[in-house]
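Enquirer:
Residue numbers (our numbering), protein chains in the order written: chain A, 1 to 308; chain B, 309 to 616; chain C, 617 to 924; chain D, 925 to 1232; chain E, 1233 to 1540; chain F, 1541 to 1848.
(1) Please go through the same chain and pick out, in chain order, the residues whose beta-carbon is closer than 6 Å to the beta-carbon of residue 81 of chain A, but skip the five residues on each side of it.
(2) DSSP three-state label for residue 1636 of chain F, please.
(3) I want to see whether chain C comes within less than 8 Å of residue 286 of chain A, judged by CB atoms only; does it?
(4) If you follow the alpha helix (DSSP H) that residue 1713 of chain F is in, where does it begin and where does it stop?
(5) Using Cβ-Cβ distances below 9 Å, what residues of the region 90–122 of chain A are close to chain C?
(6) Flag this pair as yes or no: are the beta carbons of residue 48 of chain A and residue 65 of chain A separated by less than 8 Å?
(7) Is residue 1158 of chain D helix, strand or coil by DSSP?
(8) Got a sec: is the Cβ-Cβ distance from residue 324 of chain B to anything in chain D below 8 Å?
(9) Against chain A, which members of the region 1288–1300 of chain E pass a CB distance test of less than 8 Å?
(10) With 8 Å set as the bound, which would you pick, yes or no: does the beta-carbon of residue 856 of chain C sit closer than that to a beta-carbon of chain D?
(11) Between residue 428 of chain B and the ligand ZN, is the CB less than 7 Å from at least one heavy atom?
(12) Answer with yes or no whether the minimum CB distance from residue 1318 of chain E to chain D is below 8 Å.
(13) Please confirm if residue 1476 of chain E has its CB atom under 8 Å from at least one CB of chain C.
(14) Which residues in the same chain have their Cβ closer than 6 Å to the Cβ of residue 1511 of chain E, if we skip the five residues on either side of it in sequence?
(15) Which residues in the same chain as residue 1832 of chain F place their Cβ atom closer than 7 Å to its Cβ, once the five residues preceding and following it in sequence are excluded?
(16) Run through the region 659–683 of chain C for me and flag every whole alpha helix (DSSP H) of 4 or more residues, listed as ranges in chain order.
(17) Which residues bound the alpha helix (DSSP H) around residue 315 of chain A?
(18) Could you pull the start and end residues of the beta strand (DSSP E) that residue 598 of chain B belongs to?
(19) Taking DSSP as the reference, what is the three-state secondary structure of residue 1816 of chain F?
(20) From this set, C/655, C/792, C/622 and C/767, which residue's C-alpha is nearest residue 827 of chain C's C-alpha?
(21) For residue 110 of chain A versus residue 68 of chain A, is the C-beta distance shorter than 8 Å?
(22) Which two residues bound the contiguous alpha helix (DSSP H) that contains residue 203 of chain A?
(23) Between residue 43 of chain A and the rest of its own chain, which residues show a CB-CB distance below 6 Å, the 5 nearest in sequence each way excluded?
(24) For a contact meaning CB atoms closer than 8 Å, what does residue 1054 of chain D contact in chain H?
(25) Tell me the start and end of each unbroken alpha helix (DSSP H) in the region 379–458 of chain B that is at least 4 residues and wholly inside, in chain order.
(26) Closest by CA to residue 285 of chain A, which one among A/130, A/40 and A/55?
(27) Return helix, strand or coil for residue 945 of chain D, following the three-state DSSP convention.
(28) Just checking: is the beta-carbon of residue 1207 of chain D within a distance shorter than 8 Å of some beta-carbon in chain E?
(29) Is the CB-CB distance between residue 1476 of chain E and residue 749 of chain C below 8 Å?
(30) Looking at C-beta atoms only, is the number of pairs between the region 1798–1818 of chain F and the region 1729–1741 of chain F that lie closer than 8 Å three or more?
(31) Does any residue of chain B bring its CB to less than 8 Å from the CB of residue 1086 of chain D?
(32) Looking only at its own chain, which residues have a Cβ that is under 6 Å from the Cβ of residue 1055 of chain D, when we skip the five neighbours before and after it?
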């Protein structure tokens, strides 16, 4: 997607210029994983026009392989318009997604034999919600990955404008048993899956009901919790001077994936908390910092403690 | 007026560009009342040059009827220069009013038969202070409105550069018995009319001395209090991340007027507190949000409680 | 529409900010007619979101009555992206119109009894081309106006991305006998109606074939020609330092309409040439100058000469 | 003065920011003379506020001694608003001078014993036109300088908004015999003194009528002519890509003064032509280049040829 | 390098912000070749700091493989400061190269076994001039490429601040017999190699003296000439509205290389002329357009004609 | 030095423009002393290019005498690049000092007979650390000043990139007995001189060991402490909304010097605390406010209390 935004205090109603940023949850994750030093590839469908190429060029400029992007001659780029709030004025977002090229993805869009080359595949609930074709695409990828025993990370990433809590639950429930790591905010966990309580007990309950091996739960300013093998690790949040709230969840997901790629889920939770804190302090949706910044922050305080 | 300002941290002493905003207390109120969905008309005198027309075009662009503005060929627009402070550096304002076209208004400037068409007439102490002619204009409007039984809202809006507390008191005292609703800050109430104490008791005392039927007192971050028929309503303030402090008082007045137009003074106090909080979070002097924003904020928390 | 553009020399591919302008051929004409001192009203259908309201607020800020705009809760604003060229690099335009709220207009969208209040109704080929519903809307308006003997000005305004020359000819031919004044560029006249030759003889031929009473033909830098009652008036163009080429055709149409409103078609051609020249020298799609600017330019040189 | 301007293509009617420049003919000359490597001092009267100090700080930042500026506590800075035109749209200037601190200068404002320290005193017609007090100040300075045999350069600098051609002629005629070098444009020479013809013959005629020893006449793009001791030197203009037309005349005057300070009036004419050409290529009213830039330009082509 | 520049009309002496662009002749060529659809790799040495990484990230964002860049912990990035002139004020460039990381390259810096993977190797005179180590690096690369029969394109790219014409001639003369394609401006050809005359005859003479098989000579606005096998092809220049003159020569070189990669040197000359014309119309040093833009321009007119 | 910075939230890695500020500890102090109404002169060595002159012009524009700056034709200006952090992301500074013209200063660079004209000479540890020549220059100045009994203020101003704590201690220890007033942060005092404890006791211990008559210790947000004649004065800090942290220490030093020039060291500590608080609220390294701002702040609360 392309994001058009105005600085805090300005309004979409009359600002003479809009800031332009490249956005989109999966591409954000791919960029942040690349900034952590790993190879990443992004699959999507983009219109073959200047805005579509701006997206691909920006993302490959951050080291992500975009060679498998499928180019469409007839559709458009999804847009969103963002006006930052200031208390008590809320942040406003206007989505302008339809009929984007990405919505018309389905299980035939990509050469899915590529899946065999991946070490981890990352998917999100947004794609499931976009269209029936997109939903089938996600299901097909999960099935193939399961066959090849390639682990899947899945970020629920609930968007109220795309579907209801109930629709989300119905669509995601059958997928949960097929994924390796679920990423979800405590708020969505409660609203969608009706599992409340503190993060540690909610993760256990979610695991009990759906059998997901690993669960990463973000708890806002408190930080995040990770569940694995019956144990929960808590990573406390950092105090943040927020500049731009967008993209923090994707940076968290990228941290979790980075930890998994290093064979250390707990460290992934810590990466995620640090990366999302850093992401909140820079303008734009993309994680533009790099591994040394993350390590430096993590070294500055002890984070994370094991709880039984 | 035209406001020239620099972003916080920059100085009027060397900033290479100045932001340009349309300003002026009565026009601010007219705009905010229009944004609340009511018809409003603004009477003023402007020079017939590009800056005068910028003011009128901007204000009519917000839905205010400016067709009765009187155009002058010989005078100038009032200006002010604004440098936002940051603690402990104070905000600086440099007024450059004289000899503005508005100062030369008097009781002959406008076709005052228009008064009969108004449901409410709003006046401010600034106009009284500008010049003898302006003062006579205010007195004439009040007299006509009294004859026609059209209620007057009057915002004291004390400006130390225009007159002393004592001059203000002497000029305003004879007017107080002729107006319907007085709007004043707790600080000005104390300094000008030497009535102190909490807002509720000060309002009662003011009512006792001058017989104003309705009194709206702003109490800064605490919110506002409204006095009517012997009762006081308190509307607590909202926590605010301030972007631009200018125009909040005018938005409050517009809220009070909106409530009066709906026949509900208490609701007007609540509108006013919500509108001034919102106004503090956007750049510029004009209230650029709209009724739904105000209602959404008011719905987000219960505000206002009746005290006997 | 909303236009997003970048200053000359910058690229849509990487510019960090886009300039935001309100655009759209009919609203441009309505604004320019208003700036010439006439009352104008614009009918359209807009989404009920911040961008839709930005369009309506901007246009009413220029004095156009937008009270009959119909608000839609489900669609989007049409956008276009503009990158100014510099020789030999061409200007690039990317339209993002579908599925805009305007496309879903049809003969039932508006209260067409309003037509009786108009002195002139202005329509364009773009609306005809947008959708079947829009096309029926145009036909219905023309029929009502014909009944009421209200003259119609019609600007062909050919857009190659919307329809072919042949489609345009087939759709417009039946309308030509029902309109009062046709506005068309010499290039489109040749390409669509296959009438070439100089402007004067082409106008005569067009009149002979279709019986349009008045024809205004723009001839680029040369200026324009007007045909009426068998006579042709030529208005030579002004040498122009071009700042922003968009909106010149709409300013020309507004000039023609202004002349017609004054009962002087020849003067309308001269207004149009002057207004389009001025429009080329300011940023944005809207005519932001005013009648005195137009008169001053026309007084600076003798323009227009009668030819038999 | 302070100048507020908008970039070419933007309008004072709606530009969200105005560029801020320090301006004023005498201070421009003082700055340009300083940039040529000479000591200069500027006498004026400024209000003791942030804008007044911005003017003085900016000018002393260019090396001009502002220690004799007189500070006023009650008046304002003169302003002007500038909108650059683009053919055929004219440049617009809105002056907002009254009641500036400078207008209230008179023969008692400054310690005129300073005159004895000057090698050249520069005055302009603008000061004469500002007010009776300013006019007396100019006369007094001329009288003192005449006593001390300190040469005076005088730039007519006609401003139609300040006085008529006839008023200008009546006021300046008695001064002409008391000055050393008159600087005037060919257009003003013709309009005010009704002396037409080419620059060389007009200079001779002016000399014949008024006895001014040296005359520097600017002839727009053609360059300038200098008259001294019965001879005329012509300095052809340079082809210029104009960025900002303001301040060129003041740079020319500074060039003439620089030549006189070097004892070479002809060279002064050449300096002036080069400096005004350079000045047209930078934003703002102040000459921000320096002596090496001027010398480099003059070396790039042979300029100036002696004519008998 | 990093370029800091100010828009035309602003000065390095006082502009409050500088535009930041990534620059450097070889990287410019690599980017432009990549934009033409070919694979390219850039070898250089950069400091391991935020500016060094900005360069590498920007260039890889344009599709260039930067994986062999060598990172230095102790040196700095070369900078240059650019102030665009406007006639008669010249463009000013201030180089700040020393002691850049690139200067400390030598024949041991890179893994030169990579050479075997290249289809063409591009080198420039700037690298030869930077330091003794850089010069040895160029010689070593040429020797290896000669062994492997990989053709070398060499752009003289004379910089007066780095060496004299004579030093340049002495250093380059021994290299000329070892390269496949020499790229040089007509002006440098005359000044360095003292070969004048029209481009066609100069190319023949250069070929006669040094035996370079292919020679591409740029002739400014006239376009360019290519010499191969005794024949000369001329590609006339395009009329250009210049926005930013920097990088045109590098775009020309990239065009030549693109033609060679397609086995068509004549077409390369035409690519080069078109690409340099396009490059002059966008801000910044990098060629940000793409192959379709180049082909569209070339299709718009017939360019190039064979001369015997 | 020249500082290039990006606004908070932007990154040096990709910001399209960098803000340009003049910087440098001694020049900052000279400017701030001048803004307090005292005469100041700055000695340094600058390259004779546009950036060198930008530094000198900016500083003399603030009233500092730069006539003794020595101009070098061969070196460069020191630069630094600044990216403001937001918690938990740290502020990043990249210095690019070498080989700056200032580094090549030594005891022969300036006409040191000027020393006799000074009332106070200010030096900093940064100059000592820059190079051996700079160190000898500092020693020479101290020796001359001691002979002439001109007091020296010395700001330790420790920079970890220039030297280690130990090197700093070894170099500065012999100087301490020769200076009048030492300015040092509590943190540096502890790290370099290994004197910890609260500011009052640390000052006493420093005095005991090295015999410095006056010591000014900054204690961050707490304010500062001054030691003189066995007594300590504490000046509490002001609560600050920080805009730009750079330059606060230099403003403190200027405050101390201003107090000394008024013969009141205690007042100097208070000036320093007020000036550094104000400096934190404006963009850029230079103190751009003036004496009345400082006095107004100091009058707003009682600061400083004597402790025995």
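In this text, a Cβ means the ideal position worked out from N, Cα and C, and glycines have one as well.
Expert: On the basis of the supplied data:
(1) Taking the first residue of the first chain as 1, we reach residue 81 of chain A at position 81. Contacts found: 4, 12 and 94.
(2) By one-based count along the sixth chain, residue 1636 of chain F stands at place 96. In the structure shown, residue 1636 of chain F falls within a strand segment according to DSSP collapsed to helix, strand and coil.
(3) The count along the first chain starts at 1 and reaches residue 286 of chain A at position 286. No, residue 286 of chain A does not count as interfacial toward chain C.
(4) Taking the first residue of the sixth chain as position 1, residue 1713 of chain F is located at position 173. From DSSP, the alpha helix (DSSP H) with residue 1713 of chain F extends over 1705–1716.
(5) 92, 94, 96, 98 and 99
(6) On the first chain, residue 48 of chain A is found 48 positions in, with the first residue counted as 1. On the first chain, residue 65 of chain A is found 65 positions in, with the first residue counted as 1. No. Outside cutoff.
(7) Taking the fourth chain and counting its residues from 1, the one referred to as residue 1158 of chain D is at position 234. Three-state DSSP puts residue 1158 of chain D in a strand.
(8) Counting from 1 along the second chain, the entry for residue 324 of chain B is found at position 16. Residue 324 of chain B counts as touching chain D.
(9) 1289, 1290, 1292, 1293, 1294 and 1295
(10) Taking the third chain and counting its residues from 1, one reaches residue 856 of chain C at position 240. Chain D contact via Cβ: present.
(11) Here there are no bound small molecules, and the ligand ZN is not part of this structure.
(12) As a working mapping, residue 1318 of chain E is identified with position 86 in the fifth chain. Judged by the 8 Å Cβ criterion, residue 1318 of chain E is in contact with chain D.
(13) Within the fifth chain, the letter at position 244 stands for residue 1476 of chain E. So, interface residue.
(14) Within the fifth chain, the letter at position 279 stands for residue 1511 of chain E. Contacts found: 1479, 1480, 1483 and 1519.
(15) What you label residue 1832 of chain F is simply residue 292 of the sixth chain in a count that begins at 1. There are no such residues.
(16) Along the region 659–683 of chain C, the alpha helix (DSSP H) occurs as fully enclosed runs of 4 or more residues at 666–677, listed in sequence order.
(17) This structure leaves residue 315 of chain A out entirely; chain A is present only between 1 and 308.
(18) For this step, residue 598 of chain B is matched to residue 290 along the second chain. Premise fails: residue 598 of chain B is in no beta strand (DSSP E) and is neither H nor E.
(19) Sequence index remark: in the sixth chain, residue 1816 of chain F carries index 276 (1-based). Helix at residue 1816 of chain F.
(20) Translated into the one-based positions of the third chain, residue 827 of chain C becomes position 211. For the residues C/655, C/792, C/622 and C/767, the minimum Cα distance to residue 827 of chain C belongs to C/792.
(21) Position 110 of the first chain, counting from 1, holds the residue named residue 110 of chain A. Position 68 of the first chain, counting from 1, holds the residue named residue 68 of chain A. Contact flag set, yes.
(22) Here the question's residue 203 of chain A lines up with position 203 in the first chain. From DSSP, the alpha helix (DSSP H) with residue 203 of chain A extends over 199–210.
(23) By one-based count along the first chain, residue 43 of chain A stands at place 43. So the qualifying residues of the chain are 68 and 110.
(24) You won't find chain H in this structure, because its protein chains are A, B, C, D, E and F.
(25) 433–438 and 440–456
(26) What you label residue 285 of chain A is simply residue 285 of the first chain in a count that begins at 1. It is A/55.
(27) What you label residue 945 of chain D is simply residue 21 of the fourth chain in a count that begins at 1. In the structure shown, residue 945 of chain D falls within a strand segment according to DSSP collapsed to helix, strand and coil.
(28) What you label residue 1207 of chain D is simply residue 283 of the fourth chain in a count that begins at 1. Chain E, which has a Cβ nearer than 8 Å to the Cβ of residue 1207 of chain D, makes this yes.
(29) Against the fifth chain, residue 1476 of chain E aligns to sequence position 244. Against the third chain, residue 749 of chain C aligns to sequence position 133. Result no, Cβ atoms of residue 1476 of chain E and residue 749 of chain C do not sit closer than 8 Å.
(30) no
(31) Here residue 1086 of chain D corresponds to residue number 162 of the fourth chain, with the count starting at 1. Judged by the 8 Å Cβ criterion, residue 1086 of chain D is not in contact with chain B.
(32) The residue labelled residue 1055 of chain D in the question sits at position 131 within the fourth chain. These residues qualify, in order along the chain: 1027.
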